[in-house]
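Student: Take this structure, written in structure tokens, and hold onto it; I'll ask about it next.
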Amino acid sequence: MALLELKNLTKRFGDVLAVSDFTLSVEQGEFVSLLGPSGCGKTTTLQMIAGFETPTSGAIILNGRNLEDVPARKRGLGIVFQSYALFPHMTVEQNVGFGLEMRGVAPAERAGRVRKVLELVHLDGLANRYPRAMSGGQRQRVAVARALVIEPDLLLLDEPLSNLDAKLREEMQLELRRIQQEAGVTTVLVTHDQSEAMALSDRIAVMQAGELMQVGSPFEIYERPRSSFVSTFLGKTNTLAARLEQVTPEGSLLVCNGVTLKGPPANFLPGPVEVSLRPERVELTDADNAVVSGTVSERVFLGNQWLSKVNTPIGELLMTRRNRGSDEPKPGDTVHLAWSAEHLSILAADRSRLT
Amino acid sequence: MNRQSAAKPWLLSAPALTLFLALLLTPLVMTFVLSFNSFNFYGGIKNTHDFGNYLDVLSDSFFYEIFARTFLIALATTVVCVILGVPEAYIMFRMKPFWRSTLFLVILGPLLISVVVRTLGWQILLGNKGLINSGLMNIGLISRPFRMMYSSPGVVIAMTHVMIPFMILAVWASLQRQDPATEQAAESLGAGPLTVFFRVVLPQVIPGILSGSLLVFSMSASAFATPAIIGGRRLKVASTTVYDEFMGTLNWPLGAAIAVILLVSVLIIMLAWNRLMERRYSGAFG
Ligand SMILES: Nc1ncnc2c1ncn2[C@@H]1O[C@H](COP(=O)(O)OP(=O)(O)O)[C@@H](O)[C@H]1O
Ligand SMILES: [Mg+2]
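Same order as they appear, the protein sequences are chains A and B. Position 321 of the first sequence, counting from 1, maps to 320 under numbering that gives the first Met the number 0, and the rest follow consecutively. Position 33 of the second sequence, counting from 1, maps to 32 under numbering that gives the first Met the number 0, and the rest follow consecutively.
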């Protein structure tokens, strides 16, 4: 049985439908991310699980128990807030020990457990600091320690890394994953950063405008997005409007701007569709094997790879190529591009684009 | 920065500065000078310069009693303002916007009415035949009226009403500075509403309570209208004594000396309080 089940969770603020019919279950020990653009209802979902917002309808079930009538302070969840929400007037030790104190744990045992969890987050030696005398990364660790020390069934993290600079953020991603696995705690993370979600999660739940769009492992979601929203939100992609002409069990035929493309088998009836093609799947080839040819319009060097924009008859295509130290086509050069048919993802036509 | 732009702030603030100097500093300096002059009933004010008035005040237990009463009333008013104002500010802070602005109007509205009018209103409530006493006697809770008019408690009650908006505004400012998620954090860790208030909210609004207390204390110590009306002629405080010296006995130099002593002692108390609290809380607040 799943540890946490969200059943048709809905939250309305007046006219705003913040979360709509959200259903998801989270297994014991799993790390699940809610991923979506700002304002799509991630925080609201987390706040309902935490007990700070009351769902308009739907149910939250933790360990088989409906949380409807359980107040936030009795849910026993560990929460890390976006602002960290450390108590500024308490030392690290007092901050971390607060939850144990509320549970009536004796001072001696409390001190021991606080020391252990501070070791886990690599903060031993800073127990007597005040939060304002610490760096962003250290505060974040205190917040995680404070949430973990009560040994919660479920750890909730709301954009925990968004206040850190880019380099520290990458370090903390690995740290957070290590801590989560060492503590073995089931975790729900909220983020708008797709690379964070992919680096950390066992499964990602992609949200848009309060609705759950797709759930799956990071690989699944990246490779087999079911909508153009998901494919553009996770990583870079080329999205092309096309017409599905013919579908057979072996493959399909698409027409895009008058050019016929081979595609993978699809579960669609012939008609307007969208096609997604990852830039790293586009390869250089010679004129005979080319799917399309075009002119390089822009080229950016990113260190480990080159990012080029190519103007082709089917539209502007992004292409990324590993930097192997050799020369790359320059702007103005004519290039011949190819990809294998199964690397095209065929998606339902985006309704908003048709209108 | 070049010369011209360095002069600009001074030029721009010159009108306000002039007004400030003319209207505040001049009378203050003149009062200070006046306090060293001497006075007798036949010759009036003599332009001497000695500490005679200060010696008179500091050697007379009558004045000690007045100053003690002044500061006790100010202290009591401050304490009552903290006890009532802090929870009130917090409750308002947690209210829905509509009720919050309604209550703000209720609390700040009285500031628009003259202190004298308000205090006369309190007189109607507090008198021996006033609303409170007759009410309590009618329901049989007391047999003889409580003496509230012309007593220190009465002054404290009326003064609290005048001063509490300042405490609420000061606490309000620090409530808005604190991270609302700290309350949620405490709640998620198992704290009940009272624990959240006393362990998380209250310590974070202490800077606001301190500044509010300074404001309320100094304003109460120098308040005139409320002690004059509720305290009457016999329950003297420093400011009413100054008034009596100036307008009654016409001993302006002695009145000036009392005013200077009041000013200096309020300043000393405020500075000491500030230093004490800065040292106490420098660890946790930046
Ligand atoms: N307390 C609230 N009152 C009214 N609207 C709210 C409230 N909280 C969130 N919303 C609205 O609900 C939507 C989702 O918000 P939120 O869950 O904070 O998004 P996210 O965390 O994904 O950025 C937004 O449109 C936001 O304006
Ligand atoms: Mg959010």
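Idealized CB from N, CA, C, for every residue including glycine.
Does at least one heavy atom of ligand 2 sit under 7 angstroms from the Cβ of residue 189(A)?
Tutor: Correct: residue 189(A) has its Cβ closer than 7 angstroms to ligand 2.
Student: Within this structure, are the beta carbons of residue 117(A) and residue 144(A) separated by less than 8 angstroms?
Tutor: Yes, Cβ-Cβ distance for residue 117(A) and residue 144(A) is below 8 angstroms.
Student: If you pair each beta-carbon of the region 162–179 of chain B with each one of the region 55–73 of chain A, do three or more pairs fall below 8 angstroms?
Tutor: The region 162–179 of chain B is not in contact with the region 55–73 of chain A.
Student: Do residue 155(B) and residue 75(B) have their C-beta atoms within less than 8 angstroms of each other?
Tutor: Yes, the Cβ-Cβ distance between residue 155(B) and residue 75(B) is below 8 angstroms.
Student: Report whether the distance from the Cβ of residue 76(B) to the nearest heavy atom of ligand 2 is below 7 angstroms.
Tutor: Result no, Cβ not under 7 angstroms from ligand 2.
Student: Any heavy atom of ligand 2 within a distance shorter than 7 angstroms of the CB on residue 235(A)?
Tutor: Not so, every heavy atom of ligand 2 lies at least 7 angstroms from the Cβ.
Student: I want to verify the contact list: residues of chain A whose CB lies under 9 angstroms from the CB of residue 113(B), in sequence order.
Tutor: Per Cβ cutoff of 9 angstroms: no residues; residue 113(B) is ~41 angstroms from chain A at best.
Student: Just to confirm, does residue 15(A) get its C-beta within under 7 angstroms of one of the non-hydrogen atoms of ligand 1?
Tutor: Indeed, a heavy atom of ligand 1 lies less than 7 angstroms from the Cβ.
Student: Tell me the start and end of each unbroken beta strand (DSSP E) in the region 16–62 of chain B that is at least 3 residues and wholly inside, in chain order.
Tutor: Listed in chain order, the complete beta strand (DSSP E) runs (minimum 3 residues) inside the region 16–62 of chain B are 37–39 and 43–45.
Student: For the region 24–53 of chain A, enumerate the residues whose C-beta is nearer than 7 angstroms to any C-beta of chain B, in chain order.
Tutor: Per Cβ criterion, the list reads 49 and 51.
Student: Tell me whether residue 223(A) is buried or exposed, calling it buried when 16 or more other Cβ atoms sit within 10 Å of its Cβ.
Tutor: It is exposed - the Cβ of residue 223(A) has fewer than 16 other Cβ atoms within 10 Å.
Student: Taking 8 angstroms as the CB-CB cut-off, is residue 206(B) touching chain A?
Tutor: Not closer than 8 angstroms to any Cβ of chain A, the Cβ of residue 206(B) fails to qualify, so no.
Student: Quick one, which of 252(B), 166(B), 265(B) and 111(B) has its alpha-carbon nearest residue 52(B)'s?
Tutor: Of 252(B), 166(B), 265(B) and 111(B), the residue nearest in Cα terms is 252(B).
Student: Does residue 82(A) get closer than 8 angstroms to chain E when you measure Cβ to Cβ?
Tutor: No chain E is part of this structure, whose protein chains are labelled A and B.
Student: Please report the straight-line C-alpha distance between residue 285(B) and residue 140(A), rounded to a whole angstrom.
Tutor: Note that residue 285(B) scores 42 on pLDDT, short of 50, meaning its location in the model is unreliable; the coordinates nonetheless yield the value given after this. Computed Cα separation, rounded: 21 angstroms.
Student: If you check the beta carbons only, do residue 32(A) and residue 196(A) fall under 8 angstroms apart?
Tutor: Yes, the pair counts as a contact, with Cβ atoms nearer than the cut-off.
Student: Is residue 262(B) closer than 8 angstroms to residue 151(B) when the C-beta atoms are compared?
Tutor: Not closer than 8 angstroms, so no.
Student: As a quick exercise: from 334(A), 96(A) and 120(A), pick the residue whose alpha carbon is nearest that of residue 112(A).
Tutor: Comparing Cα-Cα distances from residue 112(A) to each of 334(A), 96(A) and 120(A), the minimum goes to 96(A).
Student: Look up residue 116(A) in the DSSP assignment and say whether it is helix, strand or coil.
Tutor: Helix, per DSSP.
Student: List the endpoints of the continuous beta strand (DSSP E) containing residue 59(A).
Tutor: It spans 56–61 - the beta strand (DSSP E) in which residue 59(A) sits, taken as one unbroken run.
Student: Can you check which of these residues, 21(B), 22(B) and 45(B), is closest to residue 358(B) by C-alpha distance?
Tutor: With chain B covering only 0 through 285, there is no way to say anything about residue 358(B).
Student: So, are the CB atoms of residue 179(B) and residue 110(B) less than 8 angstroms apart?
Tutor: Not closer than 8 angstroms, so no.
Student: At a threshold of 7 angstroms, does residue 95(B) count as lining ligand 1 (C-beta to nearest heavy atom)?
Tutor: Residue 95(B) Cβ: outside cutoff for every heavy atom of ligand 1.
Student: How far does the beta strand (DSSP E) with residue 143(A) in it reach, from first residue to last?
Tutor: Looking at the DSSP string, residue 143(A) is not in any beta strand (DSSP E); the run it does join, the alpha helix (DSSP H), is 135–147.
Student: Check whether the Cβ of residue 119(A) lies closer than 8 angstroms to any Cβ atom in chain B.
Tutor: Chain B contact via Cβ: absent.
Student: For residue 248(B), does the count of other Cβ atoms within 10 angstroms reach 16, so buried, or fall short, so exposed?
Tutor: Residue 248(B) is exposed by the Cβ-count criterion.
Student: Just to confirm, does residue 50(A) get its C-beta within under 7 angstroms of one of the non-hydrogen atoms of ligand 1?
Tutor: No, the Cβ of residue 50(A) stays beyond 7 angstroms of every heavy atom of ligand 1.
Student: Less than 8 angstroms between C-beta atoms, sequence neighbours within five positions excluded: which residues of the same chain meet that for residue 172(A)?
Tutor: 160, 195, 198 and 199.
Student: Cβ of residue 157(A) within 7 angstroms of any heavy atom in ligand 2?
Tutor: Residue 157(A) Cβ: within cutoff of ligand 2.
Student: Under 8 angstroms between C-beta atoms, does residue 204(A) make it to chain B?
Tutor: No - not a single Cβ of chain B is within 8 angstroms of the one on residue 204(A).
Student: Using the C-alpha atoms, what's the distance from residue 119(B) back to residue 309(B)?
Tutor: Missing from the structure shown is residue 309(B); chain B here goes from 0 to 285 and no further.
Student: In this structure, how does DSSP classify residue 150(B) when only helix, strand and coil are distinguished?
Tutor: Three-state result, residue 150(B): coil.
Student: Given this structure, state the Cα-to-Cα distance separating residue 298(A) from residue 329(A), to the nearest angstrom.
Tutor: Those two C-alpha atoms are separated by around 7 angstroms.
Student: What does residue 203(B) touch in chain A if you count any residue whose Cβ is under 9 angstroms from its own?
Tutor: Those within 9 angstroms of residue 203(B) in chain A are 86, 87 and 88.
Student: At a cut-off of 7 angstroms, would you count residue 10(A) as near ligand 2, judging by its Cβ distance to the nearest heavy atom?
Tutor: No, ligand 2 has no heavy atom inside 7 angstroms of this Cβ.
Student: Over the uninterrupted beta strand (DSSP E) stretch that includes residue 32(A), give me the two end residues.
Tutor: Per DSSP, residue 32(A) belongs to the beta strand (DSSP E) from 30–34.
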